[in-house]
Amino acid sequence: KQLKKHFPIEGGVLKQQVGTVKAVDGVTFTLHKGETFGLVGESGCGKSTTGRMLMRLLEPSEGEVLFNGREMTSLSKNEMRHLRKDIQMVFQDPFASLNPRHTVEKIIEEPLIVHNLGNKAERKKRVKELLEIVGLSSYHAKRYPHQFSGGQRQRIGIARALAVNPKLIIADEPVSALDVSIQAQVLNLLEDLQKELGLTYLFIAHDLGVVRHISDRVGVMYLGRIVEMADSEKLYLDSKHPYTQALLSAVPVPDPEYGKDRIILTGDVPSPSNPPSGCPFHTRCPKAMDVCSSVVPEFREVEPGHYTACHLYEEDHV
Ligand code: SF4
Ligand code: MG
Numbered sequence: 009k010q011l012k013k014h015f016p017i018e019g020g021v022l023k024q025q026v027g028t029v030k031a032v033d034g035v036t037f038t039l040h041k042g043e044t045f046g047l048v049g050e051s052g053c054g055k056s057t058t059g060r061m062l063m064r065l066l067e068p069s070e071g072e073v074l075f076n077g078r079e080m081t082s083l084s085k086n087e088m089r090h091l092r093k094d095i096q097m098v099f100q101d102p103f104a105s106l107n108p109r110h111t112v113e114k115i116i117e118e119p120l121i122v123h124n125l126g127n128k129a130e131r132k133k134r135v136k137e138l139l140e141i142v143g144l145s146s147y148h149a150k151r152y153p154h155q156f157s158g159g160q161r162q163r164i165g166i167a168r169a170l171a172v173n174p175k176l177i178i179a180d181e182p183v184s185a186l187d188v189s190i191q192a193q194v195l196n197l198l199e200d201l202q203k204e205l206g207l208t209y210l211f212i213a214h215d216l217g218v219v220r221h222i223s224d225r226v227g228v229m230y231l232g233r234i235v236e237m238a239d240s241e242k243l244y245l246d247s248k249h250p251y252t253q254a255l256l257s258a259v260p261v262p263d264p265e266y267g268k269d270r271i272i273l274t275g276d277v278p279s280p281s282n283p284p285s286g287c288p289f290h291t292r293c294p295k296a297m298d299v300c301s302s303v304v305p306e307f308r309e310v311e312p313g314h315y316t317a318c319h320l321y322e323e324d325h326v
């Protein structure tokens, strides 16, 4: 709820604060049990920072994170440790997130040790079971991360995340580093696991094409804010925000006719340390009006379950 993460920028010989990067600037959304919520935007839009704040790997500057009705930001370390078991993360680069000196068995067993689950024999049994769940086998247990392909390493990362029976998995660009053919396999695995285990996913990606099929709902982020949020199909078929429309027109489609309507965004993403006044997208928006550079559009429900922050959908705009 109203999550913010502002980082100070220090400068000069005295290292005084010379500015603020508003990495996340007032993000609110709800994750429903058993659903996949896709959080999408260009790099630097604050989507990973948002994911990390949900895990409390980063402390929010402002706002609340509620999990099953409990406010997490005020929990003690001990209470938090318990909740951490329920929320696990899968990272973008499985190679960087797996200790190269540990065997796969040790990597997957580690969260079980951290959370005091089972004796040695039980943990070994659980590791074997997890390897099979993700499509590997106990035959792989004594190997090291470098002996696996990228897709297999991501399976190991998923097995590690599943070890403690989490309820929510935050997957931060879990397939971005993989070849397209392997991406589909890992996405299918995540979908199967969700059905079998009743998992809830927050799926972070920079590419709308990747989240389309896996997500029930999607939130589109720009410069630290969600600018549009809707059911996945609604967002793809009837997007409202000009930024979403531009992102969608960049998704490659087999139909060459489609390319005629491609919207090319000009200009770079503005710096989050010096965001534009009014609508943060006005410097790049093909539909910008006078009001856009001075008045911040409110994030509002424009159709049932479909939210956007854009003056085009305010009745009183002129
Ligand atoms: Fe474009 Fe204006 Fe809508 Fe912002 S508020 S997205 S600048 S039309
Ligand atoms: Mg990121």
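In full-length UniProt numbering, the protein residues as written are 9 to 326. Heads up, the beta-carbon is just placed ideally off N, CA and C, and yes, glycines get one too. These figures come from a predicted structure and were not determined experimentally.
Which whole-angstrom value is the C-beta distance of ILE222 and VAL98, which I expect to be below 8 Å? As a first step, residue 222 is located in the sequence shown; it is residue number 214 there, counting from the start. As a first step, residue 98 is located in the sequence shown; it is residue number 90 there, counting from the start. Actually they are not in contact, since the Cβ atoms of ILE222 and VAL98 sit about 13 Å apart, beyond 8 Å.
Any heavy atom of the ligand SF4 closer than 7 Å to the Cβ of LYS30? Taking the sequence shown and counting its residues from 1, the one referred to as residue 30 is at position 22. Flag unset: Cβ of LYS30 not near the ligand SF4.
TYR321 and ALA238 closer than 8 Å at C-beta: Indexing the sequence shown from 1 puts residue 321 at position 313. Indexing the sequence shown from 1 puts residue 238 at position 230. No.
For THR274, which of helix, strand or coil comes out of DSSP? For the purposes of this step, residue 274 is taken as residue 266 along the sequence shown, with counting starting at 1. In this structure, THR274 counts as coil in the three-state DSSP scheme.
Exposed or buried, LYS150, counting other C-beta atoms within 10 Å across all chains shown (16 or more means buried)? The residue you call residue 150 lines up with position 142 of the sequence shown. Here LYS150 is exposed. Its C-beta has fewer than 16 other C-beta atoms within 10 Å.
If SER301 and HIS290 are in contact, beta carbons under 8 Å, what's the gap, nearest whole angstrom? The sequence position of residue 301 within the sequence shown is 293, counting from 1. The sequence position of residue 290 within the sequence shown is 282, counting from 1. Yes, they are in contact, since the Cβ atoms of SER301 and HIS290 sit about 5 Å apart, within 8 Å.
Cα-Cα separation between SER247 and LEU256, rounded to whole angstroms: By one-based count along the sequence shown, residue 247 stands at place 239. By one-based count along the sequence shown, residue 256 stands at place 248. Taking the straight line from one Cα to the other gives about 9 Å.
Determine the extent of the alpha helix (DSSP H) in which VAL188 is found, giving its start and end residues. Within the sequence shown, the letter at position 180 stands for residue 188. It spans 188–205 - the alpha helix (DSSP H) in which VAL188 sits, taken as one unbroken run.
So, at 8 Å on beta carbons, what are the nonlocal neighbours of ALA179 in its own chain, with the 5 sequence-adjacent residues on each side left out? On the sequence shown, position 171 is the one that residue 179 refers to. Once the five neighbours on either side are set aside, the close Cβ partners of ALA179 are MET97, VAL98, LEU198, TYR209, LEU210, PHE211, ILE212.
Using the Cα positions of residue 330 and PRO294, report the straight-line distance between them to the nearest angstrom. Outside the shown range of the chain (9 to 326) lies residue 330, about which nothing can therefore be said.
In whole angstroms, give me the CA-to-CA distance for GLU43 and LYS203. Translated into positions along the sequence shown, residue 43 becomes position 35. Translated into positions along the sequence shown, residue 203 becomes position 195. Rounded to the nearest angstrom, the two C-alpha atoms are 10 Å apart.
Terminal residues of the continuous alpha helix (DSSP H) containing LYS128? For this step, residue 128 is matched to residue 120 along the sequence shown. Start and end: 128–141.
Just tell me which of ASP298, GLN24, GLY49, LEU66 has its CA closest to the CA of LEU231. Walking along the sequence shown from the start, residue 231 turns up at place 223. Cα-wise, what sits closest to LEU231 is GLY49.
By the three-class DSSP mapping on this structure, what secondary structure does GLY59 have? One-based indexing of the sequence shown puts residue 59 at position 51. Three-state DSSP puts GLY59 in a helix.
For my contact list, HIS148 and SER184 are in at a C-beta cut-off of 8 Å; report their separation, rounded to the angstrom. The residue given as residue 148 occupies position 140 in the sequence shown. The residue given as residue 184 occupies position 176 in the sequence shown. Not really, about 24 Å apart at Cβ, beyond 8 Å.
Do the CB positions of PHE15 and ALA31 come within less than 8 Å of each other? The count along the sequence shown starts at 1 and reaches residue 15 at position 7. The count along the sequence shown starts at 1 and reaches residue 31 at position 23. Their beta carbons are under 8 Å apart, which means PHE15 touches ALA31 by this criterion.
Is VAL326 helix, strand or coil when you go by DSSP? Your numbering for residue 326 matches position 318 in the sequence shown. Here the model assigns VAL326 a pLDDT of 45, short of 50, so the residue's position is not dependable and the matter cannot be decided.
Given ALA254, which residues of its chain have a CB within under 7 Å of its CB, disregarding the five upstream and five downstream residues? As a position in the sequence shown, residue 254 is number 246, starting the count at 1. Counting only Cβ-Cβ distances below 7 Å, and skipping sequence neighbours, we find ILE271, LEU273.
When you compare only the Cα positions, how much space is there between GLU113 and LEU138? Numbered from its first residue, the sequence shown carries residue 113 at position 105. Numbered from its first residue, the sequence shown carries residue 138 at position 130. Rounded to whole angstroms, GLU113 to LEU138 spans 10 Å at the Cα level.
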